[in-house]
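Chemist: Numbering (the working numbering), first residue to last: 186 to 417.
Got a structure for you, questions after.
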C-alpha cells in the first residue's frame with residue numbers, strides 16, 4: 186500500500202513596509218532642517234532690522250517686513266513639507282497629513298514664495314542672483330499650486346509628482362546656504378583677493394547650482410524605477 190502525500194506550497198509572506206524609524210532619510214533630513222532653522226532664525230526673533238542678514242535696497246522701506254514674512258511663512262513650509270513627505274505619517278495618519286498639507290500650501294509655501302519673488306526682484310546682490318531668486322520663487326509657487334489642484338481633482342499620482350518638485354524648491358534656500366562655502370573656496374583659488382565681489386560671485390554660483398541640482402534630483406527621483414518587493 187502506498188501513501189500519497191500532497192505537497193503544500195510554502196506560505197508566501199508579503200514584505201511589510203518599513204516602520205518610520207527604518208526610513209534612513211527621515212531623521213537626517215529633520216536634523217538638517219532643525220540645524221538650518223537654528224542658524225537662520227535668531228537674528229529675526231528680535232524684530233530688529235539692523236540684524237537682518239539681507240540688507241534693504243534703497244527706496245524700499247518695507248523690505249525688512251517682506252523679508253520677515255518670507256522667513257516666517259518659509260519656516261512653516263520647511264517644517265510642514267518634512268512632515269508631508271514622511272511616509273509613516275501619510276500612511277498611519279491620513280487626516281493629519283491632509284491638514285498639514287493645507288497649512289503647508291496656504292500658510293507656508295504660497296505666501297513665502299510671493300514674498301521671495303518680491304525680495305528677489307529688488308535684490309541688493311545684483312541682477313543675476315535676483316533673477317535666480319525670482320525664478321526659484323515662481324517655480325515653488327507654480328509647483329505647489331499644481332500639486333494642490335491635482336489633489337483637489339483626485340489625481341493623486343500627479344499630486345505626488347508636483348509635491349516632490351515643491352519639496353525640492355522648499356529646500357532651495359537651505360541648499361544654497363550649504364553650497365556657498367564650497368563655491369567660495371572654489372572661486373577663491375581662481376580669483377583671489379576680490380573681497381565682497383568674491384562673496385557675491387560665490388552666492389550667485391551656489392544659487393544657480395542649488396536650483397539646477399534640486400530640479401535634477403527631483404526629476405531623477407520621479408523617473409527612477411523602484412526595486413520590486415521580494416516575497417519570502
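For glycine and all other residues, C-beta sits at the position ideal for the given N, C-alpha and C.
(1) So is residue 350 buried or exposed if we call it buried at 16+ other beta carbons inside 10 Å?
(2) Quick check on residue 305: does DSSP put it in helix, strand or coil?
(3) Is it true that the CB of residue 323 sits closer than 8 Å to the CB of residue 389?
(4) Going along the chain, which residues of its own chain have a beta-carbon closer than 7 Å to the beta-carbon of residue 346, five neighbours each way excluded?
(5) Might you give, ordered along the chain, the residues of its own chain that have their beta carbon closer than 6 Å to the beta carbon of residue 206, omitting 5 neighbours on each side?
(6) From the DSSP output, in three-state form, read off residue 245 for me.
(7) Can you say whether residue 262 is buried or exposed, counting buried as having 16 or more other CB atoms within 10 angstroms of its CB?
(8) Assign residue 381 to one of two classes, buried (16 or more other C-beta atoms within 10 Å of its C-beta) or exposed (fewer than that).
(9) Determine the extent of the alpha helix (DSSP H) in which residue 347 is found, giving its start and end residues.
(10) Do you know offhand how far residue 363's Cα is from residue 275's?
(11) Can we say the region 326–333 touches the region 288–297, given the rule of at least three CB pairs closer than 8 Å?
(12) Which same chain residues, not among the five before or five after residue 387, have their C-beta less than 7 Å away from its C-beta?
(13) Which same chain residues end up closer than 8 Å to residue 249 when comparing Cβ atoms and leaving out the 5 residues on each side of it in sequence?
(14) Any idea what DSSP makes of residue 386, helix, strand or coil?
(15) Determine the burial state of residue 265: buried for a count of at least 16 other Cβ atoms within 10 Å of its Cβ, exposed for fewer.
(16) Once the 5 residues before and after residue 356 are set aside, which same chain residues still bring their CB inside 7 Å of it?
(17) For residue 310, which of helix, strand or coil comes out of DSSP?
(18) From residue 321 to residue 270, what does the alpha carbon distance come to, in whole angstroms?
(19) Please tell me whether residue 228 and residue 258 are closer than 8 Å, where the distance is taken between their beta carbons.
(20) So that I know if they touch, is there some Cβ in chain D lying closer than 8 Å to that of residue 319?
(21) Along the alpha helix (DSSP H) that carries residue 409, what are the first and last residues, could you check?
(22) Which residue wins for smallest C-alpha separation from residue 308, given the options 298, 299 and 319?
(23) By the three-class DSSP mapping on this structure, what secondary structure does residue 366 have?
(24) Rounded to a whole number of angstroms, what is the C-alpha to C-alpha distance between residue 294 and residue 254?
Modeler: Once the coordinates are examined:
(1) buried
(2) helix
(3) no
(4) 407
(5) Model confidence at residue 206 stands at a pLDDT of 47, short of 50, so the residue's coordinates are unreliable and nothing is read from them.
(6) coil
(7) buried
(8) exposed
(9) 341–355
(10) 29 Å
(11) yes
(12) 365, 368, 369 and 372
(13) 234, 237 and 241
(14) helix
(15) buried
(16) 399
(17) coil
(18) 20 Å
(19) no
(20) Any reference to chain D falls outside this structure, which holds one protein chain only.
(21) Where residue 409 is concerned, there is no enclosing alpha helix (DSSP H), given that its DSSP letter is neither H nor E.
(22) 319
(23) helix
(24) 12 Å
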